[in-house]
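Below is one structure, written out as structure tokens, with a few remarks after it.
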Amino acid sequence: MEDLLIPKNTSDALALNRPIVEDTEFTTLNLGPTHPATHGIFQNILKMDGEKIVSGEQTIGYIHRAFEKIAERRPFYQITTLTDRMNYCSSPINNMGWHMTVEKLLGVTVPKRAQYIRVIMMELARIADHIICNSILGVDTGAYSGFLYVFQEREKIYEIYEEVCGARLTTNMGRIGGMERDLSPTAIAKIKDLIYNSLPKVLAEFEKLFNRNRIFVDRIVNVGPITAERALEYGFTGPNLRAAGVDYDVRVMEPYSSYEDFEFDIPVGHNGDTYDRFMVRNQEMWESIKIIRQALENLPEGPYYANENHYYLPPKHDVYKNMEALIYHFKIVMGEIDAPAGEIYHAVEGGNGELGFYLVSDGGRAPYRLHFRRPSFIYYQAYPEMCKGVSISDAIVIMSSLNVIAGELDA
1 MEDLLIPKNT SDALALNRPI VEDTEFTTLN LGPTHPATHG IFQNILKMDG EKIVSGEQTI
61 GYIHRAFEKI AERRPFYQIT TLTDRMNYCS SPINNMGWHM TVEKLLGVTV PKRAQYIRVI
121 MMELARIADH IICNSILGVD TGAYSGFLYV FQEREKIYEI YEEVCGARLT TNMGRIGGME
181 RDLSPTAIAK IKDLIYNSLP KVLAEFEKLF NRNRIFVDRI VNVGPITAER ALEYGFTGPN
241 LRAAGVDYDV RVMEPYSSYE DFEFDIPVGH NGDTYDRFMV RNQEMWESIK IIRQALENLP
301 EGPYYANENH YYLPPKHDVY KNMEALIYHF KIVMGEIDAP AGEIYHAVEG GNGELGFYLV
361 SDGGRAPYRL HFRRPSFIYY QAYPEMCKGV SISDAIVIMS SLNVIAGELD A
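In full-length UniProt numbering, the protein residues as written are 1 to 411.
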């Protein structure tokens with residue numbers, strides 16, 4: 001009878017001197033690239049043991065557009081439209097991060113008023129980004145109402161974008177050297193109405209719906225946790241790192257655009273799980289409201305752009321009447337002004353973390369090399385590890401809480 005025994009584990013196999021026979025039958029499952037819950041075009045090939053994920057492998061590049069290579073053939077100001085299409089949920093942060101990088105290369109000092117306007121627009125963009133992330137997390141757990149509550153506020157932010165630059169999603173906002181135009185009375189009125197009246201009320205309602213909701217909390221507590229040490233090893237930044245307990249924020253560590261003038265707190269979590277990522281983003285929206293209020297109340301007088309004729313487009317009415325303005329306009333638009341040679345890295349605190357621009361100039365009219373440090377690309381590496389041993393429904397929630405934006409994943 002002993003010869004008929006089938007070993008079930010390593011010790012039985014060694015005792016009987018026979019090969020192991022695996023009972024477990026694994027299934028390969030494609031999550032993406034067009035699954036609606038991935039919120040973007042990227043694929044995960046999952047190895048499943050029943051309903052549990054054993055391992056996963058990401059496939060990216062479905063919307064790779066070669067932005068870094070395209071930038072080598074474009075004048076500096078035309079690269080702004082490429083940055084729009086990375087994290088398109090908070091385009092103004094991308095735009096202004098790029099402008100500040102070029103300004104660092106050129107040695108341009110931006111007037112204080114322009115810096116404060118940039119802060120206002122970047123913090124509005126951060127709020128819009130977090131609204132999308134947290135409300136969609138609710139949708140992915142079956143709680144649709146909160147999404148409808150806050151998306152009307154995102155629409156108001158987009159109306160402010162329209163007033164400031166004429167666009168909503170891919171904003172192309174601002175210019176190298178400052179802003180394209182000053183804040184109009186209508187824009188200021190809309191910002192004040194949003195920040196002082198409607199948004200705080202709606203955010204409070206949103207938190208009442210979710211923060212202590214037993215069904216929602218049970219779905220996200222201890223789901224997809226990551227330790228601070230492991231997050232740092234992967235290169236996490238932004239809300240996903242702060243949720244793990246590390247209070248790193250580029251606005252504080254390397255202040256830019258006069259962020260040192262503002263008082264705000266850096267929310268941090270403890271467990272680095274989905275619940276902490278949700279709560280950190282919620283609190284960051286309140287901190288952004290504080291920053292915008294301070295910027296509005298202390299908005300400096302003065303010009304909204306630097307007096308740099310070689311890099312900042314002259315006012316249109318001057319172009320029609322003044323030959324010198326016409327010449328500068330032509331040279332800037334046609335990309336006929338050389339930039340200094342140099343090597344620059346500049347980072348801003350994007351909606352998902354440290355958004356960096358590494359620029360190498362050889363003294364020509366376009367970058368010699370340009371690399372974008374894209375937060376989504378960096379922390380998406382950790383996704384298979386965070387999903388080990390969880391169910392498909394938890395994997396969706398983890399992805400949603402990381403806020404993986406396909407345009408930022410594939411530049």
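Every residue, glycine too, gets a C-beta built ideally from N, C-alpha and C.
Q: Measure how close the beta-carbons of T28 and K52 come, nearest whole angstrom, since I'm counting them as under 8 Å.
A: With a Cβ gap of about 14 Å, T28 and K52 do not count as contacting.
Q | Exposure label - residue 442; buried when at least 16 CB within 10 Å | A | Here the chain comprises residues numbered 1 to 411, so residue 442 is not present and cannot be evaluated.
(Q) So for H99, helix, strand or coil by DSSP? (A) helix
Q: Report yes if the C-beta distance between I70 and S288 is below 8 Å; otherwise report no.
A: no
Q: Report all residues from its chain with a CB closer than 7 Å to the CB of D49; omit the five preceding and five following residues, and keep chain order.
A: T24, F26
Q: With a 10 Å radius around its C-beta and 16 neighbouring C-beta atoms as the bar for buried, classify T171 as buried or exposed.
A: buried
Q: Let me know the secondary structure DSSP gives Y248 once reduced to three states.
A: Of the three classes helix, strand and coil, the one that applies to Y248 here is coil, per DSSP.
Q. What whole-angstrom Cβ distance do R242 and V280 have, given they're in contact under 8 Å?
A. 5 Å
Q | Cβ shell of T227 (< 7 Å), same chain only, five flanking positions each side left out | A | Only A244, G272 meet the Cβ criterion.
**Q.** N87 classed as buried or exposed, judged by whether at least 16 other C-beta atoms fall within 10 angstroms
**A.** buried
Q: Would you mind working out which of V397, I117, S198, L183 sits nearest Q152, comparing C-alpha positions?
A: Nearest option by C-alpha distance: S198.
Q.
Checking 8 Å against the spacing of the C-beta atoms, do V404 and G40 come in under that value?
A. Their beta carbons are under 8 Å apart, which means V404 touches G40 by this criterion.
Q. For S135, which three-state DSSP category applies?
A. helix
Q: List the residues that DSSP assigns as beta-bridge partners of T28.
A: K47
Q: Please classify V21: does DSSP put it in a helix, a strand, or coil?
A: Note that V21 scores a pLDDT of 46, beneath 50, so its modelled location is shaky and nothing firm can be said.
Q: Within 10 angstroms of the Cβ of F330, are there 16 or more other Cβ atoms? Answer buried if so, exposed if not.
A: exposed
Q) By Cβ distance, which residues of its chain are closer than 6 Å to H99, with the 5 residues on each side in sequence left out? A) Take H99, set aside five residues on each side of it, and the residues of its chain with a beta-carbon closer than 6 Å to its own are G174, I176, in chain order.
Q.
I'd like the list of long-range same chain contacts for F236, defined as Cβ closer than 6 Å, with 5 residues on each side in sequence excluded.
A. For F236, where only same-chain residues beyond five positions count, the Cβ hits under 6 Å are Y379.
Q: Could you tell me which of N282, E180, S257 sits nearest to K316, measuring between CA atoms?
A: E180
Q.
Is it buried or exposed, H270, if we count other Cβ atoms within 10 angstroms and call 16 or more buried?
A. exposed
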